[in-house]
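> Shown below is the structure under consideration.
Residue numbers (my numbering): 1487 to 1602.
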């Protein structure tokens, strides 16, 4: 189940459960790290939208035709929270930041994802 709209974060465990639930809506998983970080490791299914180019690339994320809930992640959760706030300010309410980022995802969910 998706977190309530008043929450701004989703835990790695909640995201894992959401992805495993066949009745959950399809998600848009956004990696807002930079290209060199993305090359090191990523969460399967994540699409790269670097925070340094987020404003420029955001129209494709904000397309009214794409109403998928959005989960944004970065290394530790700071940049993804900024991206989440940006997208919410632009009118998308179903947006959450992955708490702890890919580092916490690797620690708690998928240790095959390299930590750096």
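Beta carbons: idealized from backbone N, C-alpha and C, even for Gly.
Thinking residue 1580 and residue 1515 are a contact (beta carbons under 8 Å), I'd like their distance in whole angstroms, please.
The sequence position of residue 1580 within the chain shown is 94, counting from 1. The sequence position of residue 1515 within the chain shown is 29, counting from 1. About 13 Å; that fails the 8 Å criterion.
> Taking the continuous alpha helix (DSSP H) assigned at residue 1592, which residues delimit it?
For the purposes of this step, residue 1592 is identified with residue 106 of the chain shown, where counting begins at 1. Unbroken alpha helix (DSSP H) run through residue 1592: 1587-1594.
> Mind checking which residues open and close the alpha helix (DSSP H) that includes residue 1549?
Within the chain shown, numbered from 1, the residue matching residue 1549 stands at position 63. Looking at the DSSP string, residue 1549 is not in any alpha helix (DSSP H), and its letter there is neither H nor E.
> To test your reading of the DSSP string, which unbroken beta strand (DSSP E) runs of 3 or more residues are found completely within the stretch 1530-1573?
Those beta strand (DSSP E) runs which fall completely within the stretch 1530-1573 and span 3+ residues are 1556-1559.
> Can you list, in chain order, the residues of its chain with a C-beta nearer than 7 Å to that of residue 1540? Leave out the 5 residues immediately preceding and following it.
Reading the chain shown from its first residue, position 54 is the one you call residue 1540. Excluding positions up to five away in sequence, the list reads 1518, 1569, 1572.
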